[in-house]
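Asks:
In the working numbering, the protein residues as written are 106 to 456.
#1: Between the C-alpha atoms of residue 242 and residue 300, what's the straight-line distance to the nearest angstrom?
#2: Of the residues 374, 376, 386 and 417, which one's Cα is nearest the Cα of residue 393?
#3: May I ask you to report which of helix, strand or coil DSSP gives residue 330?
#4: What residues are listed by DSSP as bridge partners for residue 214?
#5: Terminal residues of the continuous beta strand (DSSP E) containing residue 324?
#6: Can you have a look at residue 384 and say buried or exposed, based on whether 16 or more other CB atoms are within 10 angstroms of its CB?
#7: Secondary structure at residue 175, three-state DSSP: helix, strand or coil?
#8: Across the segment 211 to 218 and the segment 172 to 182, are there enough close Cβ pairs to call them in contact, namely three or more that are closer than 8 Å?
#9: Mapping DSSP to helix, strand and coil, what is residue 275?
#10: Could you tell me how far apart the beta carbons of residue 228 and residue 248 are, in whole angstroms, since I believe they sit closer than 8 Å?
#11: Is it right to say residue 144 is buried, meaning 16 or more other beta carbons lie within 10 angstroms of its own, or is it exposed?
#12: Hey, would you say residue 205 sits closer than 8 Å to residue 291, going by beta carbons?
#13: Can you list, in chain order, the residues of its chain whose CB lies under 8 Å from that of residue 412, leaving out five sequence neighbours each side?
#14: To which residues does DSSP link residue 199 through a beta bridge?
#15: At what residues does the beta strand (DSSP E) containing residue 263 begin and finish?
#16: Short of 6 Å in beta carbon distance, which residues of its chain neighbour residue 289, apart from the five on each side in sequence? Order them along the chain.
#17: If distances are taken between C-alpha atoms only, which option among 365, 254 and 302 comes closest to residue 266?
#18: For the candidate residues 390, 201 and 345, whose alpha-carbon lies nearest to that of residue 135?
#19: Express the C-alpha separation of residue 294 and residue 280 in angstroms, rounding to a whole number.
#20: Taking residue 416 as part of the beta strand (DSSP E), name the residues at either end of that continuous run.
#21: Excluding sequence positions up to five away, which residues of its chain have a Cβ less than 7 Å from the Cβ of residue 324?
#22: Does the distance from the C-beta atom of residue 344 to that of residue 382 stay below 8 Å?
#23: Please say whether residue 187 and residue 263 have beta carbons closer to each other than 8 Å?
#24: Excluding sequence positions up to five away, which residues of its chain have a Cβ less than 6 Å from the Cβ of residue 171?
#25: How many Å lie between residue 333 and residue 235 at the Cα?
#26: Residue 321 CB to nearest chain C CB: under 8 Å?
#27: With the cut-off set at 8 Å, would you say residue 230 and residue 258 are in Cβ contact?
#28: Residues in its own chain within less than 8 Å of residue 180 by CB, not counting five upstream and five downstream?
#29: What first and last residue would you give for the beta strand (DSSP E) that runs through residue 230?
#30: Just the Cα atoms here: how many angstroms apart are residue 342 and residue 320?
#31: Does DSSP classify residue 452 as helix, strand or coil?
#32: Quick one: what's got a C-beta closer than 6 Å to residue 414's C-beta in the same chain, skipping five residues either side?
#33: With DSSP as the reference, identify every bridge partner of residue 292, one or two as the case may be.
#34: Does DSSP put residue 309 in a helix, in a strand, or in coil?
#35: With burial defined as no fewer than 16 other Cβ atoms inside 10 Å of the residue's Cβ, what is the status of residue 278: buried or exposed?
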């Protein structure tokens, strides 16, 4: 009887200390913070419901910032979330604690300490970090040309504070001022704001620093001027994608002179970064003359993304006489009969 009571109390105590017996379902596998942001990566071994992330920022045992993020239902795999501090942090030492809850029970908890405003001297310096519709680029150089360093560069892009793509360039030797970049291999949403983070991990000393860049994704295409072809018969226009936001739209051509203003429009294929599409036009019932030509790349919202102007001379094409048409028709009939007889004879020979 006493043994049973002891075991009951023991397991009750274990439950209080470790409230999530199934905490293996969710684990914090990555935690990073500096004076600008915090980043948490959670691994889920199975599909879960009612998942919550809480983080607390503390300094000198005082709570500076706290936030609760409701994930709701999640699938097995990893989720990385980023958050920027609402206020600029003062120079101090901080503690970041992250906690994951499943159905209200604590599944995992971790904390890290970081120093803001008095970071260790790095062996490199970042002259610039920028991101846009195409990708990210960083300019990095050694602090001392006589002391080169080796670093890992991790480029991350977040949509609605959730990681959607990450790429790491490992063992990059920083010997002199250099530029490193990546292109986004994922499609971006038009007019969506993205946050990008560059994390640089120095091999010696073992320090990770982070830099932020934000941008609003937009459609962008360019009319390739060298590929514009116009003559008295028609035109050929090539567009090239300049963004990972898909371009849905058309090419417009306006032919203008003092007497006429004629417009043509043709839909394009969907165009993304470095992809091309060529659209052809055939002139119909256009009076002869010299025309100023305006070429437009227009998206489905009616916004002109690129414009190109040139000129063309259109001459009146000679009409084909009726008698000549009849002669050509007669020749076509004779040619058809000759082809038919040739095929017939070949089939007879094979038999």
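The C-beta atom is built at its ideal place from N, Cα and C for all residues, glycine as well.
Replies: According to the data block:
#1: To locate residue 242, count along the chain shown from 1; it is residue 137. To locate residue 300, count along the chain shown from 1; it is residue 195. Taking the Cα positions, residue 242 is about 14 Å away from residue 300.
#2: Along the chain shown, one-based indexing puts residue 393 at 288. Of the candidates 374, 376, 386 and 417, the one whose C-alpha sits nearest the C-alpha of residue 393 is 417.
#3: By one-based count along the chain shown, residue 330 stands at place 225. In this structure, residue 330 counts as helix in the three-state DSSP scheme.
#4: In the chain shown, the residue the question calls residue 214 occupies position 109. For residue 214, which the question treats as bridged, DSSP gives the partners 204.
#5: Along the chain shown, one-based indexing puts residue 324 at 219. Under the DSSP assignment, residue 324 falls outside any beta strand (DSSP E); it carries neither an H nor an E label.
#6: To locate residue 384, count along the chain shown from 1; it is residue 279. Around the beta-carbon of residue 384, 16 or more other beta-carbon atoms lie within 10 Å, marking it buried.
#7: Position 70 of the chain shown holds residue 175. DSSP, read as helix, strand or coil, puts residue 175 in strand.
#8: Taking a contact to require three or more Cβ pairs closer than 8 Å, the segment 211 to 218 and the segment 172 to 182 do not qualify as touching.
#9: To locate residue 275, count along the chain shown from 1; it is residue 170. In this structure, DSSP gives residue 275 an extended state, which the three-state scheme calls strand.
#10: Residue mapping note: residue 228 aligns to position 123 of the chain shown, counting from 1. Residue mapping note: residue 248 aligns to position 143 of the chain shown, counting from 1. Taking C-beta atoms under 8 Å as the contact rule, residue 228 and residue 248 qualify, at a distance of about 6 Å.
#11: Indexing the chain shown from 1 puts residue 144 at position 39. Residue environment analysis places residue 144 among the buried positions, since at least 16 neighbouring C-beta atoms fall within 10 angstroms of its C-beta.
#12: As a position in the chain shown, residue 205 is number 100, starting the count at 1. As a position in the chain shown, residue 291 is number 186, starting the count at 1. Result no, Cβ atoms of residue 205 and residue 291 do not sit closer than 8 Å.
#13: For the purposes of this step, residue 412 is taken as residue 307 along the chain shown, with counting starting at 1. Cβ within range, chain order: 328, 399, 400, 401 and 402.
#14: Counting from 1 along the chain shown, the entry for residue 199 is found at position 94. Residue pairing by DSSP places residue 199 opposite 219 in a beta bridge.
#15: Residue 263 sits at position 158 when you count from the first residue of the chain shown. Run containing residue 263: 254 to 264, per the beta strand (DSSP E) assignment.
#16: Looking up residue 289 in the chain shown gives position 184. Sequence-distant Cβ neighbours of residue 289 in its own chain, meaning closer than 6 Å and more than five residues away, are 240 and 349.
#17: Locating residue 266 in the chain shown gives position 161, where the first residue counts as 1. Here the closest residue by C-alpha is 302.
#18: The sequence position of residue 135 within the chain shown is 30, counting from 1. Ranked by Cα distance from residue 135, the first of 390, 201 and 345 is 201.
#19: Against the chain shown, residue 280 aligns to sequence position 175. Against the chain shown, residue 294 aligns to sequence position 189. Rounded to the nearest whole angstrom, the C-alpha separation of residue 280 and residue 294 is 37 Å.
#20: Taking the chain shown and counting its residues from 1, the one referred to as residue 416 is at position 311. Residue 416 -> beta strand (DSSP E) spans 409 to 419.
#21: Translated into positions along the chain shown, residue 324 becomes position 219. Result list for residue 324: 295, 348, 350, 352, 404 and 410, in chain order.
#22: One-based indexing of the chain shown puts residue 344 at position 239. One-based indexing of the chain shown puts residue 382 at position 277. A distance below 8 Å separates the beta carbons of residue 344 and residue 382.
#23: Position 158 of the chain shown holds residue 263. Position 82 of the chain shown holds residue 187. Contact flag set, yes.
#24: Here residue 171 refers to the residue found at position 66 when the chain shown is read from its first residue. Here the set comprises 161.
#25: Counted from its first residue, the chain shown places residue 333 at position 228. Counted from its first residue, the chain shown places residue 235 at position 130. Between residue 333 and residue 235, the C-alpha separation is close to 32 Å.
#26: Looking for chain C here will not work: only one protein chain is present.
#27: Translated into positions along the chain shown, residue 230 becomes position 125. Translated into positions along the chain shown, residue 258 becomes position 153. Result no, Cβ atoms of residue 230 and residue 258 do not sit closer than 8 Å.
#28: Locating residue 180 in the chain shown gives position 75, counting from the first residue. Taken in chain order, the residues that qualify are 149 and 152.
#29: The residue you call residue 230 lines up with position 125 of the chain shown. In the DSSP assignment, residue 230 falls within the unbroken beta strand (DSSP E) covering 229 to 236.
#30: Counting from 1 along the chain shown, the entry for residue 342 is found at position 237. Counting from 1 along the chain shown, the entry for residue 320 is found at position 215. CA-to-CA, the gap between residue 342 and residue 320 works out to about 30 Å.
#31: Mapped onto the chain shown, residue 452 falls at position 347. For residue 452, the pLDDT reaches just 38, beneath the cut-off of 50, and the residue's location in the model is therefore unreliable, although a value from the coordinates is still provided. In the displayed model, residue 452 falls within a helix according to three-state DSSP.
#32: On the chain shown, position 309 is the one that residue 414 refers to. Here the set comprises 399.
#33: Reading the chain shown from its first residue, position 187 is the one you call residue 292. For residue 292, which the question treats as bridged, DSSP gives no partner whatsoever.
#34: Position 204 of the chain shown, counted from the start, is the residue given in the question as residue 309. Coil.
#35: Looking up residue 278 in the chain shown gives position 173. Counting Cβ neighbours within 10 Å, residue 278 comes out exposed, since fewer than 16 surround it.
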